[in-house]
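When you number the sequence shown by the numbering used here, it's gap-free, plus one each residue, and the end is 1557.
Report on the structure given below.
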Amino acid sequence: MLPASPRPASAVPPTADLSERGDPPFWEMLSYLVTHKISRTVVLSAHQLTLYVREGKIEAASGYRRLGDILIQHGWIEAREIDLALASPQHLGQYFLLQRRISSLQLRTALRQQVREALDYLLTQSDLSYALAPTQVLPVPTASVEGSDFLAQILDRQPLALGTVYQLARIEQDITLSPRSWQLLRVINGRRALSRVIQASGLPPKDADEAVRTLIQSGAVEQTNLLSLRFIVPKRLPLDSTKHPPGNLRANLFLKQVDGQQNVWEIQATLNLPADETITILLSLYRDRLIEVVQGQQEFDQILHAY
């Protein structure tokens, strides 16, 4: 039995091998956005598909199945009504809602189906290059698909992302784990990538795969916030008599890369820095008032709070 207790704070920032990787895989990033309740628009241009994520929920999906087709499928509107709706400046769903042709519940049901069909489609695709954009405020109701709903679906149908770094989660209730899950949990420390965790556990690959999936589904582990570096854009502050360039060589090199345009993930890749050192330098420069955050304040605050 794993007792409900807060995740113990660590005085040492996590170390991970993220510096050797480019952008994280799509499903890893989407899982991160959801579990850390980060709001972003995810654009998959090759598939002409866009997901709208807000505070851990997928609010909408556009570009795969048309909302009008779903409404017609359910018999809630007629096909001849679509042209009038498309001529309106309002969102199609809002048009039919204000015309009292559908209810809020029917619209949400259609939007949720739209999201689920888009995710089902993406689960069948291998090339999932993506770009992230600021979140957009959508009219209510939205699909509001809970992250836990589709994360379970991903686990069932996707191989594990072996480059992901997990840490112990804050557990709100008691959970029961198998001996294999316990054996693997003992070597999860917020620093090792999943591939290294599996190797260190000594479990056979099949048993390790099952144990990892159990830990994730039970909520015993969660992704670390290292992917936050992808969102944080720092900017240099002017020096004065009270502020001086850092004495550390790597911190100096990091500061020279800060231009208010590059995110920390890009700076880390340019300098080939380990993730733990990147976080240490970032926080040190911020606390010394040598930089400020111009994008990704929410994500930066999470790191600041954790370390």
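The beta-carbon is built from N, C-alpha and C at its ideal position, and this holds for glycine as well.
Item                                                                                                                                     : Value
Contacts around L1444, its chain only, beta-carbon distance under 8 angstroms, and the 5 residues preceding and following it disregarded : L1410, A1411, L1412, G1413, T1414, V1415, Y1416 and V1462
Inter-residue Cα distance where the pair is Q1312 and V1293                                                                              : In the sequence as displayed, the identity of residue 1312 is Ser instead of Gln. Straight-line Cα distance between these residues: approximately 10 angstroms.
Exposure label - N1522; buried when at least 16 CB within 10 Å                                                                           : exposed
Local Cβ density within 10 Å of A1470, reported as buried at 16 or more and exposed below that                                           : buried
K1287 in three-state terms, based on DSSP                                                                                                : coil
Those runs of the alpha helix (DSSP H) which lie wholly inside the segment 1323-1377 and span at least 4 residues                        : 1332-1337, 1342-1348 and 1354-1372
Proximity winner among I1352, R1362 and S1379, relative to E1328 (alpha-carbon distances)                                                : I1352
V1447 - DSSP class collapsed to helix/strand/coil                                                                                        : helix
Straight-line gap, P1339 to Y1345 (C-alpha atoms, nearest Å)                                                                             : 9 angstroms
DSSP beta-bridge partners of Y1282                                                                                                       : Y1282 pairs with nothing; no bridge assigned.
Counterpart residues of E1472 in DSSP-defined beta bridges                                                                               : Q1417
Contacting residues, own chain, Cβ-Cβ under 8 angstroms from L1405 (five flanking each side not counted)                                 : R1463, I1466 and Q1467
Cβ neighbour criterion (16 or more within 10 Å) applied to D1551                                                                         : exposed
Three-state secondary structure assigned by DSSP to R1271                                                                                : In this prediction, R1271 has a pLDDT of 44, which is less than 50 and means its spatial position is unreliable; what the coordinates show is noted afterwards. Coil, per DSSP.
Terminal residues of the beta strand (DSSP E) in which L1301 lies                                                                        : L1299 to R1304
Supposed close pair Q1507, T1520 - CB separation, criterion 8 angstroms                                                                  : 6 angstroms
Distance, L1477 Cα to I1531 Cα                                                                                                           : 16 angstroms
Alpha helix (DSSP H) segment containing K1506, residue limits                                                                            : L1499 to Q1507
L1487 vs I1425 beta-carbon contact at 8 angstroms                                                                                        : no
Alpha-carbon spacing of R1537 relative to V1514, whole angstroms                                                                         : 16 angstroms
Anticipated Cβ contact below 8 angstroms, Q1473 with Y1282, distance rounded                                                             : 5 angstroms
DSSP state of V1292 mapped onto helix, strand, coil                                                                                      : strand
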